[in-house]
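Residue 1 is where the sequence shown starts when you use UniProt numbering, and the numbers rise one by one after that.
Using N, Cα and C, we set each Cβ at its ideal position, and we do this for glycine too.
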Amino acid sequence: MRVTPEKKEEWREALEEGETLTTLVRRAVDREIRDEYVHESELGAYGGVEADGVELAEQMHQKAMEEVENRTEALQNQIDEMMVSEGYSQEQVESTAMDAYEELPAAPEPPADAESTTNTQDLRLKKAQEQLLSAAEVAEKGDIDGSAEKVADVLNEPEPLVREALIYLEKRSTLSVESIVVDGTRHWMTL
């Protein structure tokens, strides 16, 4: 729509903070047609372009889930550090670590159609996480392989010792061991 420069300037002076000419016109038309006021926030956040509600909700959900995962990971790390302080000897930890390593599941292989540019280790951990999540729906937490509780049961060792041994494997050994947190429980696996 074309308007004179004077009219355009008059409209600009009437703009509210953060508002565009497009949103001003939409608001005015809505007022005229419906005989009601429509707040500028309902006209869309980006210069009058309405955001796709579903896409926005998905983005918000994704960010919230990432934040939950990050906080869960941080909390699990703090729990691991607290539980490691049981005072086991280095020899006990290393011996238990070697036994525990034999009981760890291997991370699943990435799909054959995975891009070669994507980090294979990340794909394997993501696939393991998906499998553990689906397994968690049908099994109790203690029945899922790779948790300190499950490995401790198999080895007939105290869970704090096994947890310390698994952390040793992941953080200080040369063996390729990684962990992921699923449903509040850390699970270790070999790569």
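ask   = From Glu19 to Val181, what distance separates their C-alpha atoms?
value = 45 Å
inquiry  = When you compare the CB positions of Leu166 and Ser176, do they come within less than 7 Å of one another, or not?
reply    = Not in contact: Leu166 and Ser176 (Cβ atoms no closer than 7 Å).
Local conformation of Ala97 per DSSP, three classes = helix
ask   = Can you give the Cα-Cα distance for Val154 and Asp99, rounded to whole angstroms?
value = 10 Å
ask   = Rounded to the nearest angstrom, how far is the Cβ of Glu157 from that of Glu170, given a contact under 8 Å?
value = Not quite, the Cβ-Cβ distance comes to about 17 Å (not below 8 Å), so this is no contact.
inquiry  = Given this structure, state the Cα-to-Cα distance separating His187 from Asn77, to the nearest angstrom.
reply    = 12 Å
ask   = Nearest-angstrom Cα distance between Gln90 and Ala152?
value = 18 Å
ask   = Would you call Met65 buried or exposed, if buried means 16 or more other Cβ atoms sit within 10 Å of its Cβ?
value = exposed
Simplified DSSP assignment, three categories, for Glu178 = strand
ask   = Distance, Cα to Cα, Ala74 vs Asp183?
value = 14 Å
inquiry  = Please return the same chain residues whose Cβ sits closer than 6 Å to the Cβ of Ser95, not counting the five positions on each side in sequence.
reply    = none
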